[in-house]
Amino acid sequence: MSEENHVAYQNKDIAAKYLAEHFSDKSFAAYGVKVPRIVKVLPTNLPVIEANELRLDNLFLLEDGSLALVDYESSYADADKIKYLNYIIRTLKRSMTEDNIMRRIRMIVIYTADIDPGQTRPCLDIGCLQFQLEEAFLMELDSVQIEDGIRQKLNRGEPLTAEEQMQFIILPLTHRGKEEKEACIRRCFDLAKQVEDEQEQVFILSGILVFADKVIDNEDSKEMRDWIMMTKVSRLFEEEKIEYGKKVAAEAAEKAAKKAAKENEIEIVKRMLSNGISLEQVKAVVTILTEKEIKDLQKEINS
Numbered sequence: 025m026s027e028e029n030h031v032a033y034q035n036k037d038i039a040a041k042y043l044a045e046h047f048s049d050k051s052f053a054a055y056g057v058k059v060p061r062i063v064k065v066l067p068t069n070l071p072v073i074e075a076n077e078l079r080l081d082n083l084f085l086l087e088d089g090s091l092a093l094v095d096y097e098s099s100y101a102d103a104d105k106i107k108y109l110n111y112i113i114r115t116l117k118r119s120m121t122e123d124n125i126m127r128r129i130r131m132i133v134i135y136t137a138d139i140d141p142g143q144t145r146p147c148l149d150i151g152c153l154q155f156q157l158e159e160a161f162l163m164e165l166d167s168v169q170i171e172d173g174i175r176q177k178l179n180r181g182e183p184l185t186a187e188e189q190m191q192f193i194i195l196p197l198t199h200r201g202k203e204e205k206e207a208c209i210r211r212c213f214d215l216a217k218q219v220e221d222e223q224e225q226v227f228i229l230s231g232i233l234v235f236a237d238k239v240i241d242n243e244d245s246k247e248m249r250d251w252i253m254m255t256k257v258s259r260l261f262e263e264e265k266i267e268y269g270k271k272v273a274a275e276a277a278e279k280a281a282k283k284a285a286k287e288n289e290i291e292i293v294k295r296m297l298s299n300g301i302s303l304e305q306v307k308a309v310v311t312i313l314t315e316k317e318i319k320d321l322q323k324e325i326n327s
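Residue numbering for the sequence shown follows the numbering used here, beginning at 25 and increasing consecutively.
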């Protein structure tokens, strides 16, 4: 694995740890997949004796004891089923090794809005082997309605339901194309900052990081991770520093503007006095200089 990919996976694993803390009792029903609720998020690396290491997008333990392997796809190819078979075999092998249980396994594929229902084939039948995918098509979710609903609730200071949280973290993938997804990620980040419950906020941001891992911009990803890592107190302190910096900058700009305006008025008054315009006439049009300052300028010119 390249160093760049290793760093990417490491960052995803960090976010996944935060996500795991708050994924219990959530459900994929929010995406149209009717399976039991999530109990636990499991590690996604599936090591084998070979030199390579296989990773799927997400692996969950469900409340009925089954495992849910979840992959997110923005394109479709029949050949992907070979990849899914590898996931299934290695997951089953690890389950037998670690738990001595042959768990029921569900292979769930969540397609981004780039894929329409009818483009895919959920079944594989090669004679000696048959298996069925459970599919979800995010293009069937009303992304505008979901985002507006979340925004309105947050503006009213209301908590989000578990279903709304699940829809929130997948929201960027309900848009077609990379640019629309990235734009939605940035909007979601701003919305997530309004979530008052810190644990809920961490869950949402971690979910976006993990689920949108393949499309998120590196800068956006870093900004989200930095936000997650900050404690509530330090975040408030950072916000105060930012506001103070803005205030200082505004005050400095205002001071500079006033200084420039005064210097400009001084030059105008000097020209007026030099041209023999009376002190009273000058005072009538001046807005910044005091009477004393005008008289001092007159003395300077006369001398």
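Ideal Cβ positions, reconstructed from N, Cα and C, are used throughout, including at glycine. From a predicted model like this one, the values you see are computed outputs, not experimental measurements.
Whose C-beta lies closer than 6 angstroms to the C-beta of LYS64 among residues of the same chain, with five residues either side of it excluded?
LEU85
Tell me whether GLU324 is buried or exposed, calling it buried when 16 or more other Cβ atoms sit within 10 Å of its Cβ.
Exposed is the call here.
First through last residue of the beta strand (DSSP E) which encompasses ASN326:
Per DSSP, ASN326 belongs to no beta strand (DSSP E); it is in the alpha helix (DSSP H), 315–326.
Any idea what DSSP makes of VAL310, helix, strand or coil?
coil
Leaving out five residues on either side along the sequence, give the residues of the same chain with a beta carbon under 7 angstroms from the beta carbon of ASN76.
Low local confidence applies: a pLDDT of 38 at ASN76 is under 50, so the model's placement there is unreliable, and no value is given.
Is MET254 helix, strand or coil by DSSP?
coil
Under the three-state DSSP convention, the category ASP214 falls into:
helix
Could you round the C-beta distance between THR198 and ALA273 to whole angstroms and report it? I think they count as a contact, below 8 angstroms.
Actually they do not touch by this definition, with Cβ atoms about 38 angstroms apart.
For the alpha helix (DSSP H) that ALA186 lies in, which residues bound it at each end?
Start and end: 186–194.
For a test of the three-state rule: what should DSSP assign to CYS208, helix, strand or coil?
helix
Have a look at MET296 and ALA277 and give me their C-alpha separation to the nearest angstrom.
29 angstroms
Mapping the DSSP letters down to three states, classify PHE227 as helix, strand or coil.
Residue state, collapsed to three classes: helix.
Check ASP95 in the structure and name its three-state DSSP category.
strand
Determine the closest residue to ILE134 out of SER99, VAL226, CYS152 and SER327, with distance taken between C-alpha atoms.
SER99
With DSSP run on the structure shown, which of helix, strand or coil describes ASN299?
coil
Contact check, LYS50 vs ALA160, beta carbons under 8 angstroms:
no
Just checking my contact of CYS208 with LEU229 at CB under 8 angstroms: how many whole Å lie between their CB atoms?
Not a contact, Cβ separation roughly 14 angstroms.
Taking a contact to mean a Cβ-Cβ separation below 8 angstroms, would you say GLY181 touches GLU243 in this structure?
no
Looking only at C-alpha atoms, which of ASN82, GLN322 and GLU87 sits nearest to ILE62?
GLU87
What does the Cβ neighbour count give for THR311, buried or exposed, with the cut at 16 atoms within 10 Å?
exposed
Figure out for me which residue from VAL94, GLU304, ALA101 and ALA103 has the closest Cα to the Cα of THR115.
VAL94
Mind checking which residues open and close the alpha helix (DSSP H) that includes MET131?
If you look at MET131, you'll find it isn't in any alpha helix (DSSP H); it sits in the beta strand (DSSP E) that goes 129–135.
Less than 8 angstroms between the CB atoms is what I'm expecting for ILE129 and VAL57, so what's the real figure, rounded?
That pair is no contact at about 14 angstroms.
As a quick exercise: from SER119, LYS316, LYS307 and ASP102, pick the residue whose alpha carbon is nearest that of PRO146.
Comparing alpha carbon positions, the residue from SER119, LYS316, LYS307 and ASP102 closest to PRO146 is ASP102.
How should TYR268 be labelled, buried or exposed, when 16 other C-beta atoms within 10 angstroms of its C-beta is the threshold for buried?
exposed
Report yes if the CB atom of PHE213 is closer than 8 angstroms to the CB atom of GLN189, and no otherwise.
no
In whole angstroms, what is the alpha-carbon distance linking CYS152 and PHE235?
Between CYS152 and PHE235, the C-alpha separation is close to 34 angstroms.
For MET248, count neighbouring C-beta atoms within 10 Å of its own C-beta (all shown protein chains included) and say buried if the count is 16 or more, exposed if not.
Counting Cβ neighbours within 10 Å, MET248 comes out buried, since at least 16 surround it.
Tell me, which residues are paired with CYS152 by DSSP?
BP columns for CYS152 are empty, so no partner.
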